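For the protein sequence lines, the chains are A and B, in the order given.
Heads up, the first sequence is in my numbering, so the first residue is 67 and it goes up one at a time.
Heads up, the second sequence is in my numbering, so the first residue is 491 and it goes up one at a time.
Quick reminder that beta carbons are idealized off the backbone N, C-alpha and C, glycines included.
Just so it is clear, the structure is predicted and the values come from calculations on it, not from any experiment.
Data first, discussion second: the structure below is written as structure tokens.
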Amino acid sequence: MNEHTASAPVLELEDLVMHFGSVRAVDGVSLTIRKGQVMALVGESGSGKSTVGRCIVRLLEPTSGTVRLGGADVTHLSRGQMRAHRRDVSIVFQDPAGSLDPRMLVGEVVSEPLRLQSWRHSRRELQTRVGEGLNQVGLRPEVARRYPHELSGGQRQRVSIARALISDPTVLIADEPTSALDVSVQASVLNLLADLQRDIGFACLFITHDLSAVEYLADEISVMYLGQLVEQGSREKIFARPAHPYTQALLAAAPLADPPRQRSRTRVILGADIPSAMDPPTGCRFHTRCPLASQRCVAEVPPLLQITDGTVACHLVAPDGSGPDVRRTDKAGNHP
Amino acid sequence: MTSTTPVRGATAWTAPPVQDATARPDGPVLEVRGLSVTFSTETGPLSAVDGVDLTLAPGEIVGIVGESGCGKSVTAMSLAGLLPRSARISGSVRLAGNEMVGASPAQLRAARGREIAYIFQEPMSSLNPVLTVGRQIGEVLQAHEGLSRRQARARAVELLALVGIPSPAQRVSNYPHQLSGGMRQRVMIAMAVACEPQVLVADEPTTALDVTVQAGILDVLRELRDRLGTSILVITHDLGVIADIADRVMVMYAGRVVERAGVDELFARPQHHYTAGLLSASPTPGRHAGTHRLQEIPGIVPVLASQPDACTFAQRCAAADNQCTSASPALAAPGDHPALPQDHQVACWHPRADLPRQRGEDDK
Numbered sequence: 067m068n069e070h071t072a073s074a075p076v077l078e079l080e081d082l083v084m085h086f087g088s089v090r091a092v093d094g095v096s097l098t099i100r101k102g103q104v105m106a107l108v109g110e111s112g113s114g115k116s117t118v119g120r121c122i123v124r125l126l127e128p129t130s131g132t133v134r135l136g137g138a139d140v141t142h143l144s145r146g147q148m149r150a151h152r153r154d155v156s157i158v159f160q161d162p163a164g165s166l167d168p169r170m171l172v173g174e175v176v177s178e179p180l181r182l183q184s185w186r187h188s189r190r191e192l193q194t195r196v197g198e199g200l201n202q203v204g205l206r207p208e209v210a211r212r213y214p215h216e217l218s219g220g221q222r223q224r225v226s227i228a229r230a231l232i233s234d235p236t237v238l239i240a241d242e243p244t245s246a247l248d249v250s251v252q253a254s255v256l257n258l259l260a261d262l263q264r265d266i267g268f269a270c271l272f273i274t275h276d277l278s279a280v281e282y283l284a285d286e287i288s289v290m291y292l293g294q295l296v297e298q299g300s301r302e303k304i305f306a307r308p309a310h311p312y313t314q315a316l317l318a319a320a321p322l323a324d325p326p327r328q329r330s331r332t333r334v335i336l337g338a339d340i341p342s343a344m345d346p347p348t349g350c351r352f353h354t355r356c357p358l359a360s361q362r363c364v365a366e367v368p369p370l371l372q373i374t375d376g377t378v379a380c381h382l383v384a385p386d387g388s389g390p391d392v393r394r395t396d397k398a399g400n401h402p
Numbered sequence: 491m492t493s494t495t496p497v498r499g500a501t502a503w504t505a506p507p508v509q510d511a512t513a514r515p516d517g518p519v520l521e522v523r524g525l526s527v528t529f530s531t532e533t534g535p536l537s538a539v540d541g542v543d544l545t546l547a548p549g550e551i552v553g554i555v556g557e558s559g560c561g562k563s564v565t566a567m568s569l570a571g572l573l574p575r576s577a578r579i580s581g582s583v584r585l586a587g588n589e590m591v592g593a594s595p596a597q598l599r600a601a602r603g604r605e606i607a608y609i610f611q612e613p614m615s616s617l618n619p620v621l622t623v624g625r626q627i628g629e630v631l632q633a634h635e636g637l638s639r640r641q642a643r644a645r646a647v648e649l650l651a652l653v654g655i656p657s658p659a660q661r662v663s664n665y666p667h668q669l670s671g672g673m674r675q676r677v678m679i680a681m682a683v684a685c686e687p688q689v690l691v692a693d694e695p696t697t698a699l700d701v702t703v704q705a706g707i708l709d710v711l712r713e714l715r716d717r718l719g720t721s722i723l724v725i726t727h728d729l730g731v732i733a734d735i736a737d738r739v740m741v742m743y744a745g746r747v748v749e750r751a752g753v754d755e756l757f758a759r760p761q762h763h764y765t766a767g768l769l770s771a772s773p774t775p776g777r778h779a780g781t782h783r784l785q786e787i788p789g790i791v792p793v794l795a796s797q798p799d800a801c802t803f804a805q806r807c808a809a810a811d812n813q814c815t816s817a818s819p820a821l822a823a824p825g826d827h828p829a830l831p832q833d834h835q836v837a838c839w840h841p842r843a844d845l846p847r848q849r850g851e852d853d854k
């Protein structure tokens, strides 16, 4: 938000590229997150959003581009060199059952980041830190002596969050942290993340496919499609005045839990399914599904341009941010 | 989809005699009474479904909504005998006039495909990776309708067109891995409706798909109902999907139906505290405007060895009192509240009808 714009960036991505053989998973993504800022990275499956997260925590070494954590270039550091930066950035994964070691006690899981950092802690000190960490995420300290399988899905995700936060990171990467949870549990985990972020003030990259989940959490929203950013702006802007046809379609596609309103909405059905990242379409990558695409969109790659209140990569959007809206264009959304 | 897409009746292939001409016009196609399902496990019996009643009228779309473990999928699977042997089923399931509980394997097999068909969440694991989609759809038609291989293939092309697959004549020769997730789910739907079942059960049909693809699949289901008159039972955890497609809704919690109403009625005036909790826990665009918190439902879903003589939601409910923990409320219309329609039924000792309306005031 505004008070952050002056503060230093804690995470910078510059033209990040990650190719797996011929699969162009991430193709030139630039992002800046400042101290205490929550950035949502939104996209559908195959958009490359999770790959971006994995490049930042250096589970992957990017093909090209730069990842800067607190100003330090970590793009090509070795495992050993990276260790010094590990405490600055943590990640919470989607599936807590898969990301917690089933043979470790919860206490060991949560204290592992501290034990791996070379400085030594006494057992008692570790125990206290773990107790505090669990308490912070709404779990009782006794949970430390349980195994992950003894906990519910929501409790396990709380354990993942406690582990991620125990080293006081400046950036938390949350990769679909609530997608595997039931609706009522989802709400409590989202609330917890929002509370912790407000109290502790870490910066957060919240990766999700679900725009509605970030509406009350994110300061800024970045929308990805097929490995590239298509739009970026404040939460208010993206929800109130989405400029890119894809952002508009995403907002229109999520059904509202309100039957009369849902029935009265204009349906936006995108033409085909998301194309393969092995052979992305020419020009604007969204043109195969965009109801408004013209010849220019097929031929020419739209640059990511600054508009009045954000950035957008679309030929149809004017520099002042005005442009068509697929949700209001007659019949445009029907099947091809 | 173009209006020239061939459907049954308009096509050249010979349709089998319609055996249900008398059963279709009125009366429910599916009638479930007192359905209970118990699994025997190492730790003793586990009650998954307890006394579910359900009717499905011709051309109606009914949604069952609930969280994992509420019994919604077990209810759906028990309709056509898809549960493993460890399941003990009691009650009655009448499908097009025939009793399915206790029916022989041959009777069940005859009903599947022709009278009831399923689509599941994960189309990749339900499709055979080494057969073309045309062969797989054709198999259904050869087995149930006695078509020749050539007729079956021609019909498969029509079915792919019906579910909105572009260039169906080419796609019919594709293998599943050559199709995207949304296309595979369309193929599953084409297989399910190949024999024009009276009842289509869609168990989390869009959960594995992206939202922009989901919208298209929901449209296909709606169109099947409109054009073929198929009755559809949609099982989902997603209230948005229910709001989009269902005519009536049942809310399940811990194996029981806790509330049942028309879709507008349920979302506007939820009577069960669980339903209300679910509604306010769901993130809805435009409702949270930066400052709101999502409402949480405290506690977790109980795992039920046996169904207690109490409200199963009592431990998590703010309105619970002694009555709620000592007697199980029956599903009934809240008689004291004439403002509610009679088909709005709730299993709660203290329905929310007296409370001021909360939802909707948050809307901008």
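Not flagged as an interface residue toward chain B: ASP93(A), since no C-beta distance is shorter than 8 Å. Taking the Cα positions, ASP345(A) is about 8 Å away from ARG90(A).
If you look at ARG100(A), you'll find it in the beta strand (DSSP E) that goes 89-100. In this chain, ARG578(B) is not harboured by any alpha helix (DSSP H); it is covered by the beta strand (DSSP E) spanning 577-585. For PHE352(A), the closest of ARG189(A), GLU297(A), GLU216(A) by C-alpha to C-alpha distance is GLU297(A). Sequence-distant Cβ neighbours of GLU198(A) in its own chain, meaning closer than 6 Å and more than five residues away, do not exist here.
In this structure, the beta-carbon distance from ALA269(A) to GLN103(A) falls below 8 Å. Between the segment 125-140 of chain A and the segment 73-86 of chain A, the count of C-beta pairs closer than 8 Å reaches three or more; the two stretches touch. At least one CB of chain B lies nearer than 8 Å to the CB of ASN257(A).
For GLU281(A), the nearest CB of chain B lies under 8 Å from its own CB, placing it at the interface with that chain. For chain B, none of the residues of the segment 225-247 of chain A brings a beta carbon within less than 8 Å of one of its beta carbons. Runs of the alpha helix (DSSP H) spanning 4 or more residues and lying entirely within the segment 104-189 of chain A occur at 115-122, 145-152, 162-165, 172-182, in chain order. Inclusion of VAL172(A) and ALA210(A) in the CB contact set at 8 Å is warranted, their separation being smaller than that value. Taken in chain order, the complete alpha helix (DSSP H) segments of 4 residues or longer contained in the segment 565-651 of chain B are 595-604, 613-616, 623-635.
Three or more beta-carbon pairs separated by less than 8 Å are not found between the segment 352-363 of chain A and the segment 270-283 of chain A, which leaves the two stretches without contact. Closer than 7 Å at the C-beta level to chain B, one finds these residues of the segment 109-129 of chain A: GLU110, SER111. Cβ neighbours of GLY654(B) within its own chain (closer than 7 Å, five residues either side excluded): MET491, ARG676, GLY706, VAL710. Against GLN704(B), the close residues of chain A are ALA319, ALA320, PRO321, in the order they occur along the chain (beta-carbon pairs closer than 9 Å). Between ILE340(A) and ASP700(B), the gap from beta carbon to beta carbon is short of 8 Å. Distance from the CA of ALA306(A) to the CA of GLN597(B), rounded to the nearest whole angstrom, comes to 56 Å.
Interface with chain B (8 Å Cβ-Cβ cutoff): ALA253(A) is included. When secondary structure is reduced to three states using DSSP, PRO535(B) falls in the strand class.
By DSSP's assignment, SER721(B) forms a beta bridge with VAL689(B). Between PRO321(A) and GLY730(B), the beta carbon gap of about 3 Å places them in contact (Cβ cut-off 8 Å).
Listed by position along chain B, the residues whose Cβ is nearer than 7 Å to that of LEU336(A) are THR702. Contact check between the segment 99-115 of chain A and the segment 149-157 of chain A: fewer than three CB pairs, one atom from each, fall below 8 Å, which does not count as touching. Note that the C-beta distance between ASN201(A) and GLU786(B) is not below 8 Å. Here the segment 682-699 of chain B lies against the segment 628-642 of chain B, with 3 or more beta-carbon pairs under 8 Å apart. Close to PHE757(B), with beta-carbon spacing below 9 Å, are these residues of chain A in chain order: ALA323, ASP324, PRO325, PRO326. For MET740(B), the enclosing beta strand (DSSP E) covers residues 738-743. Straight-line measurement puts the Cα of GLY672(B) at about 6 Å from the Cα of VAL703(B). One Cα belongs to GLN660(B), the other to ALA651(B), and the distance between them is close to 11 Å.
Annotation for THR332(A): ARG393 place their beta carbon closer than 6 Å to its own, counting only its chain and skipping 5 residues before and after.
For PHE268(A), there is no enclosing alpha helix (DSSP H), since its DSSP letter is neither H nor E. In the structure shown, the three-state DSSP call for ARG307(A) is coil. Note: THR815(B) is not bridge-paired with any residue in the DSSP secondary-structure output.
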